[in-house]
């Protein structure tokens, strides 16, 4: 079976991105599941290979047509945009913020042009993007703008547990104002459509509760009674397989055990805590709702350990594996 081509931008060169990329490419899991095209700077990649002892041979190419997918070869689209004389690990640098954006931009183009089946991203630094006058705060915003997607949909997956988010980067006070019936109904429909694009059909989606014990019929809050329960009942009446609200102290465990195919987390930390406690390194972010598929490690640039060859590549391996796993279904169900 032909392995899907996964585009991998190296992220902020001053962070751990280059290290986890070269380490991941030595993994049997990556070699068995994907053909990777790396987008970065050859000088940075050479430094990462020397640092980690990865034992890879760099083959510069322009894309898939002139790539060399033999074991031990790192196929690199070299944008040559880092001045090593001023480069330093672990520091916010405008040069690195600009470079990171350009790597992502090229990766998206590869996927949009059909050369790559998906993109697996590495960490970038918001301060470096800002210093470079890049008009986006992070990956999701960049992917949304460059793919023409108004509101990309984020799903976390770890060890088979899939979690979507009704709200993300809001304060708890702001989040409470977003717990509305219509928003929940619309979000669940989008989530189920996203799962179907990834080949995940059947099963029941659970909606997490907001208050302790789902409010105990108004004893600890009325959000479940007034907004969440009516949303679930409407979805059921329309034929959607959905359950809830189910207490957030148990629903994620139940889904991890296979009772539910996915969970709708109502706010950022509710779902993040559940997935990252289950398996921090293998919690992978999957961005759906776009013309292309993107997976990502869910850790930062780790400036404090960058350039020290102590970072784990497990998340990068898992991000590439899931990109390769879902890419054929995503392409088929576009």
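Residue numbers (my numbering): 12 to 345. Just so it is clear, CB atoms sit at the ideal spot from N, CA and C, and this is done for glycine as well.
Considering only residues of the same chain and omitting the five flanking positions on each side of residue 258, which have a CB-CB separation below 7 Å? Mapped onto the chain shown, residue 258 falls at position 247. Correct list, in chain order: 220, 224 and 225.
Best match in 127, 277 and 24 for proximity to residue 180 [C-alpha to C-alpha]: Here residue 180 refers to the residue found at position 169 of the chain shown. Nearest option by C-alpha distance: 277.
Return the bridge partner residues of residue 218 from the DSSP annotation. Counting from one through the chain shown, the residue named residue 218 turns up at place 207. Residue pairing for residue 218: DSSP places it in a beta bridge opposite 275.
Could you spell out the range, first to last residue, of the beta strand (DSSP E) harbouring residue 8? The question about residue 8 has no answer here: the residues shown for the chain are numbered 12 through 345.
Could you name the residues that DSSP lists as bridge partners for residue 70? For the purposes of this step, residue 70 is taken as residue 59 along the chain shown, with counting starting at 1. When beta bridges are read from the DSSP output, residue 70 appears opposite 86.
Using only CA atoms, which one of 230, 311, 297 and 256 lies nearest to residue 334? Looking up residue 334 in the chain shown gives position 323. Comparing Cα positions, the closest option is 297.
Over the uninterrupted beta strand (DSSP E) stretch that includes residue 253, give me the two end residues. Against the chain shown, residue 253 aligns to sequence position 242. Element bounds for residue 253: 253-257.
Once you ignore the five residues that flank residue 105 on each side, which residues in its own chain have a CB closer than 6 Å to its CB? Locating residue 105 in the chain shown gives position 94, counting from the first residue. The residues are 142 and 143.
Find out if the Cβ-Cβ distance for the pair residue 139, residue 23 is shorter than 7 Å. Position 128 of the chain shown, counting from 1, holds the residue named residue 139. Position 12 of the chain shown, counting from 1, holds the residue named residue 23. Cβ distance < 7 Å, so residue 139 and residue 23 count as in contact.
Throw me the rounded Cβ distance for the residue 134 and residue 311 pair, which I believe falls under 8 Å. For this step, residue 134 is matched to residue 123 along the chain shown. For this step, residue 311 is matched to residue 300 along the chain shown. Rounded, the Cβ-Cβ distance is 5 Å, consistent with contact.
Cβ distance (whole Å) where residue 47 is taken to contact residue 36 below 8 Å: Indexing the chain shown from 1 puts residue 47 at position 36. Indexing the chain shown from 1 puts residue 36 at position 25. In this structure residue 47 touches residue 36 by the C-beta definition: roughly 6 Å separates them, less than 8 Å.
Close Cβ partners of residue 295 (< 6 Å) along its chain, the five nearest in sequence each way excluded: Locating residue 295 in the chain shown gives position 284, counting from the first residue. Closer than 6 Å at Cβ, skipping near neighbours: 168, 306, 329, 330 and 333.
Distance, residue 286 Cα to residue 21 Cα: Stepping through the chain shown from its first residue, residue 21 is reached at position 10. Stepping through the chain shown from its first residue, residue 286 is reached at position 275. In a straight line, the C-alpha of residue 21 is about 25 Å away from that of residue 286.
Buried or exposed for residue 326, going by 16 or more other Cβ atoms inside 10 Å? Walking along the chain shown from the start, residue 326 turns up at place 315. Buried, since its Cβ has 16 or more Cβ neighbours within 10 Å.
State the DSSP-derived secondary structure class of residue 38, mapped to helix, strand or coil. What you label residue 38 is simply residue 27 of the chain shown in a count that begins at 1. Reduced to three states, the DSSP call for residue 38 is coil.
With residue 217 and residue 262 assumed to form a contact (beta carbons below 8 Å), what rounded beta-carbon distance in angstroms separates them? One-based indexing of the chain shown puts residue 217 at position 206. One-based indexing of the chain shown puts residue 262 at position 251. Confirmed, Cβ separation roughly 5 Å.
When you compare only the Cα positions, how much space is there between residue 193 and residue 53? Translated into positions along the chain shown, residue 193 becomes position 182. Translated into positions along the chain shown, residue 53 becomes position 42. Using only the alpha carbons, I get a separation of about 49 Å.
Using C-beta distances below 7 Å, list every residue in its chain close to residue 137, excluding the 5 sequence neighbours before and after it, in chain order. Here residue 137 corresponds to residue number 126 of the chain shown, with the count starting at 1. Once the five neighbours on either side are set aside, the close Cβ partners of residue 137 are 148 and 149.
How would you write the range of the alpha helix (DSSP H) that residue 326 sits in, first residue to last? Here residue 326 corresponds to residue number 315 of the chain shown, with the count starting at 1. It spans 325-343 - the alpha helix (DSSP H) in which residue 326 sits, taken as one unbroken run.
Helix, strand or coil: which one does DSSP assign to residue 321? Along the chain shown, one-based indexing puts residue 321 at 310. Collapsing the DSSP output to three states places residue 321 in coil.
Please list the segments of the alpha helix (DSSP H) lying wholly inside the segment 137-188, counting only runs of 4 or more residues, in order along the chain. The DSSP assignment places complete alpha helix (DSSP H) segments of no fewer than 4 residues inside the segment 137-188 at 137-142, 150-158 and 183-187, in order along the chain.
Beta-carbon proximity list for residue 178, same chain, < 6 Å, skipping 5 on both sides: Counting from one through the chain shown, the residue named residue 178 turns up at place 167. Once the five neighbours on either side are set aside, the close Cβ partners of residue 178 are 186, 189 and 278.
Measuring straight from C-alpha to C-alpha, what distance separates residue 57 and residue 191? The count along the chain shown starts at 1 and reaches residue 57 at position 46. The count along the chain shown starts at 1 and reaches residue 191 at position 180. Taking the straight line joining both Cα atoms gives about 51 Å.
Delimiting residues of the alpha helix (DSSP H) encompassing residue 305: For this step, residue 305 is matched to residue 294 along the chain shown. Careful: residue 305 lies outside any alpha helix (DSSP H), inside the beta strand (DSSP E) at 305-308.
Could you tell me whether the Cβ atoms of residue 274 and residue 266 are closer together than 7 Å? For the purposes of this step, residue 274 is identified with residue 263 of the chain shown, where counting begins at 1. For the purposes of this step, residue 266 is identified with residue 255 of the chain shown, where counting begins at 1. Contact: yes.
Beta-carbon separation of residue 87 and residue 69 under 7 Å? Within the chain shown, the letter at position 76 stands for residue 87. Within the chain shown, the letter at position 58 stands for residue 69. Going by beta carbons, residue 87 and residue 69 fall inside the 7 Å limit.
Quick one: grab the DSSP three-state call for residue 45. As a working mapping, residue 45 is identified with position 34 in the chain shown. Coil, per DSSP.
Beta carbon of residue 19, beta carbon of residue 60: below 7 Å? Residue 19 sits at position 8 when you count from the first residue of the chain shown. Residue 60 sits at position 49 when you count from the first residue of the chain shown. Contact flag unset, no.
What do you get for residue 127, buried or exposed, if any count of 16 or more other CB atoms within 10 angstroms of its CB means buried? As a first step, residue 127 must be located in the chain shown, where it is residue number 116. Residue 127 is classed as buried because its beta carbon has at least 16 other beta carbons within 10 Å across all chains shown.
With respect to the alpha helix (DSSP H) encompassing residue 20, which residues constitute its N-terminal and C-terminal limits? Position 9 of the chain shown holds residue 20. Segment 16-20 is the beta strand (DSSP E) holding residue 20; no alpha helix (DSSP H) there.
Between the CA atoms of residue 154 and residue 201 - distance to the nearest angstrom: Translated into the one-based positions of the chain shown, residue 201 becomes position 190. Translated into the one-based positions of the chain shown, residue 154 becomes position 143. For residue 201 and residue 154, the distance between alpha carbons rounds to 18 Å.
Would DSSP call residue 358 helix, strand or coil? In the structure as shown, the chain begins at 12 and stops at 345. Residue 358 is therefore absent and cannot be evaluated.
Span separating the alpha-carbon of residue 324 from that of residue 15: The residue given as residue 324 occupies position 313 in the chain shown. The residue given as residue 15 occupies position 4 in the chain shown. Between residue 324 and residue 15, the C-alpha separation is close to 20 Å.
Let me know if residue 85 comes out buried or exposed under the rule of 16 or more other beta-carbons within 10 Å of its beta-carbon. Start at 1 with the first residue of the chain shown, and residue 85 comes out as number 74. Flag for residue 85 reads buried.
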